[in-house]
Amino acid sequence: IARPRQDSPLVIEFALRSDLLPHRDGANGFEFRHQGEAVLRYGDLRATDTAGNPLPVGAEVRAGVLRLTLDDAGAVYPIHLQAHITGLSTSPDWSTQGNQQSAALGFSVATAGDVNGDGYADVIVGAPQYDSGQDEGGMVWVYYGSAAGLSSTAAWSAQVNQGEAKFGFSVATAGDVNGDGYSDVIVGAPHYDDGEDNEGAVWVYHGSGSGLSSTANWSAQVNQEWANLGDSVATAGDVNGDGYSDVIVGAPYYDVAANGDDRGTALVWYGGSGGLEDPGDPSWFEFGNSDNENYGDSVATAGDVNGDGYADVIVGSPGYSFLFNDGGRAQVYHGSSTGLSASNDWEVYGPQYALLGRSVSTAGDVNGDGYADVIVGVPAYTHDESGEGQARVYHGSSTGLSSTEAWSVESNQAFAEFGDSVATAGDVNGDGYADVLIGSYLYADGQQEEGKAWVYWGSSGGLASTAGWTAESDSAYANFGSSVATAGDVNGDGYSDIIVGAPGYTYDQSNEGMAFAFYGGPDNLSPSPGWTYESDYDNKNLGQAVATAGDVNGDGYADILVGAPAYDSGQTDEGAVFAWYGDAGGFGWGGPDWSAYGEQDNAQLGYAVSTAGDVNGDGYSDVIAGAPYYDNGQSDEGAAFLWLGSSGGLGGVGTPGNADWFAESNQADAHLGYDVAAAGDVNNDGYADVAIGAPHYDNGQTNEGVVFVWHGDSAGLGANGTPNNADWHAESDSDSLTLGLSVDTAGDVNGDGYSDLIAGANGVASAWYGSSGGLSSSADWAASDSGLFGWSVATAGDVDGNGYSDVIVGAPFYDGSGTADGAAWAYCGGSGGLDNSPCWGDYGGSGYNNAWFGWDVGTAGDVNGDGYADIIVGAPGWSNPTTAEGQARVYYGSSWGPVSFNGGDWTVESNATTANLGYAVSTAGDFNGDGYADVLIGLPQYSNGQSSEGRVELYWGNGRMGIAAHPRQLRTDGTTPIAPLGLSDSQLGFNSGATARSATGRGQVRLCLEVKPLGTAFDGSGLACSVAQDSGIGGVWIPRDVTGLSAGTRYHWRVRAKYDPVTNPFDPPYGRWLHMPWNGWNEADLRTAGSGSSGNNPPYTPSNPSPADGATGVSLNTSLSWTGGDPDSGDTVTYDVYLGTSDPPPQVATGLSATTYKPSSNLSPNQTYYWMITAYDNHGASADGPVWSFTTGTTTLAHKVYLPLVVRKR
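Mapping to the working numbering: the sequence shown position 493 is 1269, numbers consecutive.
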């Protein structure tokens, strides 16, 4: 902030345009609320002047205007103001309380699933001691999810109007018991009386478009006093594979014999089109086999632990004493086509008095092997502390659960009863692995029996040994953690959320109880590198240049490039370039997959490296490398070499002689190749173009510098490049300005569909905008400053999500908060191009002289999967305290641009003297295919056994190596890749897809695709979802044909999985959005072919169904018909028909040439049928129609024919 013309204090006002209401949050921050609930915080406000002196800052809200007041008396301008915009995930994002003394709200909590079909998970909360006309009759509430999270008021409630029934003692999602696509809920009241005292009962309420039914659709009792049916309730999953959810209920005090033995029982009822089966005739049941076993004290779905496609169930018996008194037992029963097995398929026991099985649950798939795992609580377990408690996880496999626990953890506090509640947390951090949630309601940490909850992250190796997240109530006797559960995804961001109950919490009323929800989300970049590589030779400077290579082999994984310009392989300082190819496992080896060498003394190949994009339109990314001291007729004229990608990658070892294209300056000491870059597609012809800097090129002025651009086409870049055949060039026309010190694509800063270019010189950065004729002849934008401003320039991606690319410029010798601490600024794009003033900036920092912050800058890609591009900045001279160890910072994008203005959202230092970490920084693309961009950092002076050998480090997006989701864009044949910004083979569409899987194990999953033309922001509308497919063990690749697009148009796209509440009841309705995270969501991904393209187009999407979608009273002998066809003249089309009573329907016919189908037999009366059509053309392209439905009438229509009988007398 520059000094204004006013006296102290300085007042800054923000005009707010939002549906969120601002409230003051403390002395120096704001809280933004939706329906009374806080969803965003603008706080941690800090202000410093240029000398680094802190300035007092205050905040207030007046008439909807946010006002900041700074005491700037004596301040040295400019002033730097920083605020952090955060979610509130470290404290509860939502809470509710009982509002009645001793109501014990939160005694039970659970996800309700999505009961109203709006795409957001809902939650259910029980208060079994709530009085609503009857003493301790109990009450349950359901709160709906939304884009802003859970509602502040309940949308639905229920009670049974019977005193001491304890309705809501247990609550759970029932899955979808009637197969209508809406989640249902189940509620237990173990002390309910209906002929027998405390026999207990359970109720199921069906979901619908308007929410849960007001009265129960089904209920059951056991007709035995003190059986306590409903002490535990749960969805069983789909144990018989009929497409309907089943439920499991425990009655732990059920007497098997006549002597009151409390052996207990668990009962299962199967779902069907009409809901659950006869309540008086359970589909499956089992009893405990020893007195006081309390079999059924806890029941749950186990998920599919053996991967056979059927859900399994788990039952706990904490009082089991066969081996040890009250040691406890847990048993698993496998599902099958005939239902659950008659005897257990797995069991485990606890030690003396441990009460193993007090709580049991599916853990989800914590190690990503495709098999569900289970978690078992052992709350009275004693190891080093009496009654500290324990939780154990057992991994699934093709043969079922392991006989010994794969993971266990204890509380290390006496009598904490850790593990009294356990649950899957879902996938709260979006890495593809399920996480687990554990409660310890008696835990004390400052307050007696306040309670605590822990979350442990899943990974390929299983659960972490230490908790990734914890929370306490900070209220004595609150019993926080008495109940824990996944909440599903209540705000629709694709990350699972959790809910925790504290039934003893006192807020306004004593022991009224509370429930708290905490929202999941992505993590920071990994704190330590996920992969490193060193040259192991003295003075090779590996890592002086780093870059993403794009996807050179078309496998859908990003590849990386690393330059080592001082590398020797026969010639001194000839230089080398190394490439590593990405895959689902990340780096499983050390050495590079490809290398190239300069083969000339002091050529310094690898001084600059970059992806070239796809210059010849074959779908594979190509790479380019600079050798600025290469001689080919002129000393140090410089050169750049390009190698084409292919299905086999970059081919054999690269040399100047086998490069597919090269360029030279033909002028001594011009140093062409000092920087090289993909220019994007500056003329929008669907082919990538390249830009090369020659900063010491002379053409009328000494060392004025020049930037050359060559356009791609179907033949590549054409003849080898010289200044005379460049398609475009720009000179500085000033002595010693050295234009071309840095060069990069600017992205599309004005949203016109053409890529733009940015280049740096000594003190100046300039941008040229693209058009159908290529780049403009003179600069459209320029900015200048001191401190070697322009030494580094790059696209920042779209950091504020407005659909326009932004740029970043570094000035490493700028005196910002110290001497040569350095600076970097971002300039945001808009319809008119780049802003004249920066929209963001930061310095190396006070006290960090010669940090050289801004030495290298670039986009980081989208490292946290939020749809905004992030930026990365290197400071290789940073010392803290190790001399010149170097530092790199990442700043996250947001709707307001980069979040942090002081120090970055993520930083890393080398802790190695003169390593110069941050000399080169870049996005790596998505190296392991998990949907998050990774970052690459070079340390060219790093020494580890060899002096200045150099090192490169890769850091995983989202903090870890997640499971590959592998989002891809392909041509219409479904196999040939389309490179970023590449060209489809069709004027009307392309193919996209991803690997869909569930973090909770095998189940049915769909893939939903959103495609928008460049300039139209994503809004979730127009989704095209596939038919449901079995995810199998390792996930299923689901392709999506995109049709109906416009020729010659740029598009962007994203996909997300849609989960089935029957097979995966604990998954969110939808997974997180995925795309290829090279950039922000609202930047272009590809271009359709222009007029005259000969590419094949898929068939038309089947439409105009008969019977009409939603029709009722349909004849039992109806025929199906639809409209089909193909846009390409001469193509033939065939159709597959899917028809049945479940969604998705099974295939009943294939290869039909007609657009009609007659079922082989009459349909059933009063039945809802689902049907869909898939069209195929003779080139193998396909188009899935939507799933339609109709409901039949009561009888086959009778057609009466009256034939009059005429009798004539002859």
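C-beta atoms are modelled at their ideal positions from N, C-alpha and C, and glycine is treated no differently. Remember, it's a predicted structure, so these values are computed and weren't measured experimentally.
Which of helix, strand or coil does DSSP assign to residue i?
i: residue 1734; result: helix
i: residue 1863; result: strand
i: residue 1604; result: coil
i: residue 800; result: Only weak support is given to the placement of residue 800: the predicted model assigns it a pLDDT of 49, under 50, and the question is left unresolved by the model.
i: residue 1923; result: strand
i: residue 1566; result: coil
i: residue 1455; result: strand
i: residue 1197; result: strand
i: residue 786; result: strand
i: residue 815; result: Interpretation of residue 815 is limited by its pLDDT of 47, a score under 50 that renders its predicted location unreliable; the figure taken from the coordinates is listed afterwards. Looking at residue 815 - three-state DSSP - the assignment turns out to be strand.
i: residue 872; result: strand
i: residue 1753; result: strand
i: residue 1593; result: coil
i: residue 1266; result: coil
i: residue 1745; result: strand
i: residue 1978; result: Legend: pLDDT at residue 1978 = 38, less than 50; position of this residue unreliable, value from coordinates given subsequently. Correct three-state label for residue 1978: coil.
i: residue 1997; result: In the structure as shown, the chain starts at 777 and stops at 1986, and residue 1997 therefore has no counterpart that could be examined.
i: residue 852; result: coil
i: residue 1336; result: strand
i: residue 946; result: strand
i: residue 1375; result: coil
i: residue 1288; result: coil
i: residue 1170; result: strand
If contacts are defined as beta-carbon pairs under 8 Å, then residue i and residue j qualify, I think. What distance do you get, rounded to the angstrom?
i: residue 1343; j: residue 1378; result: That belief does not hold up - the Cβ atoms of residue 1343 and residue 1378 are roughly 12 Å apart, past 8 Å.
i: residue 1115; j: residue 1046; result: 7 Å
i: residue 1963; j: residue 1920; result: 6 Å
i: residue 1221; j: residue 1734; result: Residue 1221 to residue 1734, Cβ: 30 Å. No contact.
i: residue 1692; j: residue 1716; result: 6 Å
i: residue 903; j: residue 914; result: 7 Å
What residues match up with residue i in a beta bridge as DSSP calls it?
i: residue 1887; result: 1966
i: residue 1948; result: 1914
i: residue 1828; result: 1788
i: residue 1520; result: 1534
i: residue 1882; result: 1897
i: residue 1259; result: 1277
i: residue 1727; result: 1310, 1715
i: residue 1107; result: 1091, 1123
i: residue 1805; result: 1781
i: residue 1771; result: 1813
i: residue 1560; result: 1540
i: residue 1134; result: Its beta-bridge partners do not exist; DSSP assigns none.
i: residue 1505; result: 1484
i: residue 1215; result: 1197, 1229
Taking 7 Å as the cut-off, is the CB of residue i close to at least one heavy atom of the ligand SAM?
i: residue 1099; result: This structure simply doesn't include the ligand SAM, nor any ligand for that matter.
Unbroken stretches of the beta strand (DSSP E), 3 residues or longer, contained in the region 1612–1697 | 1616–1619, 1632–1637, 1646–1651, 1663–1667, 1682–1685
Write down every uninterrupted run of the beta strand (DSSP E) in the region 965–1039 whose length is 3 residues or greater and which is fully enclosed by it, in chain order.
-> 977–981, 994–997, 1008–1013, 1022–1027
Complete runs of the beta strand (DSSP E) confined to the region 1385–1449 [at least 3 residues] | 1398–1403, 1415–1419, 1437–1440
Decide if the region 1421–1431 is in contact with the region 1489–1504; the criterion is three or more beta carbon pairs, one per stretch, under 8 Å apart.
-> no
Could you give the uninterrupted runs of the beta strand (DSSP E) lying entirely in the region 1045–1102, keeping only those of 3 residues or more?
-> 1060–1063, 1074–1079, 1088–1093
Does the region 1315–1327 come close enough to the region 1341–1357 that 3 or more CB-CB pairs lie under 8 Å?
-> yes
How do the region 1773–1781 and the region 1848–1864 stand: do at least 3 beta-carbon pairs fall below 8 Å, yes or no?
-> In the pairwise beta carbon analysis, the region 1773–1781 is classified as not touching the region 1848–1864: fewer than three pairs are separated by under 8 Å.
Count the CB pairs spanning the region 1023–1038 and the region 1062–1073 that are closer than 8 Å, and state whether there are at least three.
-> Result yes; three or more Cβ-Cβ pairs closer than 8 Å.
Check whether the region 940–958 touches the region 973–993, counting contact only when three or more Cβ pairs, one atom from each stretch, lie closer than 8 Å.
-> Yes, the region 940–958 is in contact with the region 973–993.
Scan the region 867–943 and note each continuous beta strand (DSSP E) run of 3 residues or more that stays entirely inside, going in chain order.
-> Runs of the beta strand (DSSP E) inside the region 867–943: 870–873, 884–889, 898–903, 915–919, 932–934.
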